[in-house]
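Working notes, structure below.
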Amino acid sequence: MSETVLVVGGGGREHAITRALAPDADVYALSSNRNPGIAALAAGTETADETDTDAIVGYAASVGADAAVVGPEAALAAGVADALNAAGVFTFGPTAEAARIETDKAFQREFMADNDIPGTPEFETFDDATTAAEYVASVEQDVAVKPAGLTGGKGCA
Numbered sequence: 007m008s009e010t011v012l013v014v015g016g017g018g019r020e021h022a023i024t025r026a027l028a029p030d031a032d033v034y035a036l037s038s039n040r041n042p043g044i045a046a047l048a049a050g051t052e053t054a055d056e057t058d059t060d061a062i063v064g065y066a067a068s069v070g071a072d073a074a075v076v077g078p079e080a081a082l083a084a085g086v087a088d089a090l091n092a093a094g095v096f097t098f099g100p101t102a103e104a105a106r107i108e109t110d111k112a113f114q115r116e117f118m119a120d121n122d123i124p125g126t127p128e129f130e131t132f133d134d135a136t137t138a139a140e141y142v143a144s145v146e147q148d149v150a151v152k153p154a155g156l157t158g159g160k161g162c163a
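Heads up, the sequence shown is in the working numbering, so the first residue is 7 and it goes up one at a time.
What follows is the structure in structure tokens.
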């Protein structure tokens, strides 16, 4: 009897994971979009919001998932790995708290500065756009402006 694995996410990363697991496991996939490559490899697919912990845990239970792999950063930030682990599904993916290092740039920069990690750029954080714009206008060097949260790789101005 092979393991049943749930893969959460519908991108290229999750397709590669599904392709690697499919020869040795019954792979089921849940994503917010239908990925034809994943669908061709998986024993079953479900379309749902990748941050909807109730839907994901419910699908994992319905397919009898022994394990899960959570790919998308938004799903990790939403606590999908936490919810699956709490439901008894062995999950590859950090808890929401552990994922903050990659999902919250302000937290990441402050963590790096607090721990004297080399390569930490000079940074400031702001709670409103007006104060941020005033700061940018006041400095003489080039700056990069990034939102603290997830932007799908589109967050630098």
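In this text, a Cβ means the ideal position worked out from N, Cα and C, and glycines have one as well.
- Contact annotation, residue 87 with residue 99: C-beta distance approximately 4 Å; criterion of less than 8 Å satisfied.
- In this chain, the beta strand (DSSP E) harbouring residue 52 covers 50 to 53.
- Taking C-beta separations shorter than 6 Å and ignoring five residues to either side along the sequence, the partners of residue 11 in its chain run 27, 31, 33 and 73, following chain order.
- In the DSSP assignment, residue 137 falls outside any beta strand (DSSP E) and lies within the alpha helix (DSSP H) extending over 135 to 144.
- In the DSSP assignment, residue 109 falls within the unbroken alpha helix (DSSP H) covering 102 to 109.
- CA-to-CA, the gap between residue 130 and residue 112 works out to about 8 Å.
- Counting along the chain, residue 59 sits inside the alpha helix (DSSP H) bounded by residues 59 to 69.
- Measuring C-alpha to C-alpha distances from residue 36 to each of 29, 78, 9 and 8 identifies 78 as the nearest.
- Residue 96 sits in a strand when the DSSP states are folded into three classes.
- Taking the C-beta atoms as reference points, residue 44 is found nearer than 8 Å to residue 16.
- Taking a 10 Å sphere around the C-beta of residue 56, we find 16 or more other C-beta atoms and assign the residue as buried.
- About 19 Å separates the beta carbons of residue 102 and residue 71, which is beyond the 8 Å limit, so they are not a contact pair.
- Residue 24 sits in a helix when the DSSP states are folded into three classes.
- Check the Cα spacing between residue 8 and each of 49, 22 and 38: the tightest is with 49.
- Collapsing the DSSP output to three states places residue 149 in coil.
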